[in-house]
Each structure stands twice: as structure tokens, then as C-alpha cells.
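Sequential numbering from 510 applies to the sequence shown in the working numbering.
Don't be surprised by glycine CBs; every beta carbon is placed ideally from N, CA and C.
Notes follow once the structure below has been shown.
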Amino acid sequence: MVKTLNHVPLERKMKTSLTALSAMWLLALASCQTVPASGFCDIAKPIRLSPEQIDKLTDEQVRQVLGHNQRGAKLCGWKP
């Protein structure tokens, strides 16, 4: 006799769950693609902030802005 869970064979439920998990993993992996340098340079601009805006940033926001501007300097030739 086949074990069932809510009238669906347990083996089928496990296979469905594994398929769904695999699909989610592949979607997560695909979302990690990076934008090619030319694409980044076409759409991104340097982030320029006033001293007042800089004073209000959290450490995480500073890290993100610097990272963005450093990437642009490296890929697109942005100047400070």
C-alpha cells in the first residue's frame, strides 16, 4: 500500500516539492546575472551628494554609493 497525504501519494508530493525547489533555485541563480559594462554605462550615472545629504547617510548607504561610483569609475571612466 502506498502512503498518502491528503489523498495524494507521498512520493508524488515529494517529487512536486523537489521540482518547485529546483525551479526557485534556478530563478535565484538567473537573477544574479550582472549587467554588461556597456549596459551599465548606458543607464547609470554617478551619484553626487551635497554635504548635507552625506551627513544624513547611514554607513550602509555610504558603502552603496561609494560602490556604485567606484564601479562607474572603473567601467565607464567617471571622474570624481
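In the structure shown, the three-state DSSP call for Leu584 is helix. Straight across, the Cα-Cα distance linking Ile563 with Glu520 is about 57 angstroms. Counting C-beta atoms within 10 angstroms of its own C-beta, Gly576 has fewer than 16 neighbours from the protein chains shown and is therefore classed as exposed.
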